[in-house]
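Chains as they are written, first to last, in the working numbering: chain A, 577 to 884; chain B, 3 to 166.
C-beta: ideal position from N, C-alpha, C; glycine also.
Bear in mind the structure is a predicted one, so any value in this text is a computation, not a measurement.
One structure is given here, and the rest of the page talks about it.
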Amino acid sequence: MIRRLTKGGIGLAVLALAMTVLAVPSWAVGTRAGTNITNTARVDFRDVNGNALFQLSNTVSTTVSQVGGVVVDPNNGPVTLDPGDVFYFPHVVTNAGNFDDYINLTAVSAGGWPVTIYRDVNGDGVYQPALDIPLLDSAGDADAIPDSGFLSDSGAGSSMRILVAVTVPAGTADGAGDVTTVTGTSVFDPTKTDIATDTINVTSPNVSVVKSVAPLGPQPPGTVLTYTIVVTNNGSAAASTVVLTDPIPANTTYQAGTITYNAAARTDGGDADNADYNATNPGQITVAIGALAASGGTATVTFQVRIN
Amino acid sequence: MSRSRAAVLAMSLGLTAWASANTPTVEVAVTAHKEVVTVDAHGKKAVTLVPATEGKAGDTIVYTLRAKNAGTGTAVDPRIEDPIPAGTVLVVDSVKHDGYRVEASLDGGSTWQAFPASVTRKNAAGAIETVAAPAESYTTLRWVLNGPLEPGKGTDVSFKVRIR
Chain A
577 MIRRLTKGGI GLAVLALAMT VLAVPSWAVG TRAGTNITNT ARVDFRDVNG
627 NALFQLSNTV STTVSQVGGV VVDPNNGPVT LDPGDVFYFP HVVTNAGNFD
677 DYINLTAVSA GGWPVTIYRD VNGDGVYQPA LDIPLLDSAG DADAIPDSGF
727 LSDSGAGSSM RILVAVTVPA GTADGAGDVT TVTGTSVFDP TKTDIATDTI
777 NVTSPNVSVV KSVAPLGPQP PGTVLTYTIV VTNNGSAAAS TVVLTDPIPA
827 NTTYQAGTIT YNAAARTDGG DADNADYNAT NPGQITVAIG ALAASGGTAT
877 VTFQVRIN
Chain B
3 MSRSRAAVLA MSLGLTAWAS ANTPTVEVAV TAHKEVVTVD AHGKKAVTLV
53 PATEGKAGDT IVYTLRAKNA GTGTAVDPRI EDPIPAGTVL VVDSVKHDGY
103 RVEASLDGGS TWQAFPASVT RKNAAGAIET VAAPAESYTT LRWVLNGPLE
153 PGKGTDVSFK VRIR
């Protein structure tokens, strides 16, 4: 009988802790395959003169047959990542059968994200590029499926640790999610499988620009127009190195010294302040906004032109 | 003791004529069968027994002990004793004891008590309490037959174990 640990999600806050204390559980594996279960009975009796006698029975023997068994633990996540991030999910793979076995391992992202399984050589749950190597097909079954390598059926040698590296593709939308399913399959008995999941929630910045002009509507030449540009990050991750560029419209002339940034004046030159006209980009307003906080971080830029 | 050994030796060599005319010889034969549960098209379960030459964890083995007095004299106070095989756990409610006094040992046969056995332990409150012995704790069973077994007479007992 195999005791199962209840699989529960591990929140981000405790994931780092879980990595270091992920203990190898003790699985109650059945009696080892090949063991002979023998039974010999005995009968004791006396004759009428009180002499003690006994007889032994024949011996019956039952040979324990091999049973495959696989446990893959734990379920990880959800972890919150940005596009482009790589996260290494730690797992323990255990031969829960009653004889030596190999366990084939696959990991597939529901969204088709890149996934690589590494052998966690020192078992610390942390990826070390110089140490931890991609898992290979070692079972000698030429099935091209990476496997655990040799696992005995009891003791420390019955478990091994892996790291499942999932890459969040660049450009993944804010709020997207993904579940990678890690499947272990007994090479001895492919009907014996177990899965664990790695869940990712993606946060990314989502920066929008809204431009307005005053006065509105048809205007005669010589009118000074004030453009107001509001840059807002409505994503659930902070944005960094945000740069606004805006070409001066045709048939208008930029009015020198009219740039404001969050209602503070800025000089036109390519100097220490974060805004310029015609310095960074010819004929354009350029504002290095920098960071915009998640969920509503905003910056407002204004400048004026005159209709030719 | 030496005399009984001689008698046993004589039986095993087939020298029955050498033994005295009223020597009891109770022989015991053990068979092992595995319970195989099949479910028919109507969902009805049927348990059949097949020889337990092999088995796996969780399988149930039925051991049948068949004792018979093959000698020429009355066997007095016969008792059949059988250890619970290593790698198995007794199925406690499977022990057949009709007409016998069944005793159990939890320590390999050093001490015996009436079946089903009990153990004493300290409960959470610190008080001593007596509870049924866990199935895993049984090491040996014996069936004490009521009365003598005459030549030619026999009896069967059985019990089940589960492969660990």
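For W145 of chain B, the enclosing beta strand (DSSP E) has its first and last residue at 142-147.
Proximity to A672 of chain A across A:A790, A:V655, A:V643, A:Y837 peaks at A:V643, based on C-alpha coordinates. Pairing T55 of chain B with T682 of chain A gives a Cβ-Cβ distance that is not under 8 Å.
About 7 Å separates the CB atoms of D623 of chain A and V78 of chain B; that is less than 8 Å, so the two are in contact.
Residues of chain B whose Cβ lies closer than 9 Å to the Cβ of D620 of chain A are, in chain order, V28, D79, P80, R81, I82, E83, R144. Within the same chain, and ignoring the five residues on either side of N777 of chain A in sequence, the residues whose Cβ sits closer than 7 Å to its Cβ are P654, T656, G753. The residues A683, S685, V742, T756, in chain order, have a CB closer than 6 Å to that of V691 of chain A in the same chain once the five nearest residues on each side in sequence are set aside. Distances from the CA of S788 of chain A to each of A:G859, A:G660, A:Y803 were compared; the closest alpha carbon is that of A:Y803.
For T821 of chain A, the beta-bridge partners assigned by DSSP are A:T862. By the Cβ rule, the region 88-103 of chain B does not count as touching the region 39-56 of chain B, because fewer than three pairs are nearer than 8 Å.
The distance from the Cβ of I63 of chain B to that of A31 of chain B is about 16 Å, inconsistent with a contact at the 8 Å cut-off. Around the beta carbon of N838 of chain A, a 10 Å sphere encloses fewer than 16 other beta carbons of the protein chains shown; the residue is thus reported as exposed. Burial check for Q704 of chain A: the Cβ neighbour count within 10 Å stays below 16, so the residue is exposed. Shortest Cα-Cα distance from Q795 of chain A to any of A:P766, A:D765, A:T828, A:F764 involves A:T828.
Around Y140 of chain B, the same chain offers I86, L92, A106 as residues with beta carbons nearer than 6 Å, after the five sequence neighbours per side are excluded. Comparing alpha-carbon positions, the option among A:V863, A:I693, A:N884, A:P659 lying closest to P797 of chain A turns out to be A:N884. Distance between G75 of chain B and G154 of chain B, taken at the CA atoms: about 10 Å. Annotation: I805 of chain A to T836 of chain A spans about 10 Å, alpha carbon to alpha carbon. Taking a Cβ-Cβ cut-off of 7 Å, the neighbours of Y65 of chain B in chain A comprise N615, given in sequence order.
Our two residues, D696 of chain A and R737 of chain A, have alpha carbons roughly 5 Å apart in a direct line.
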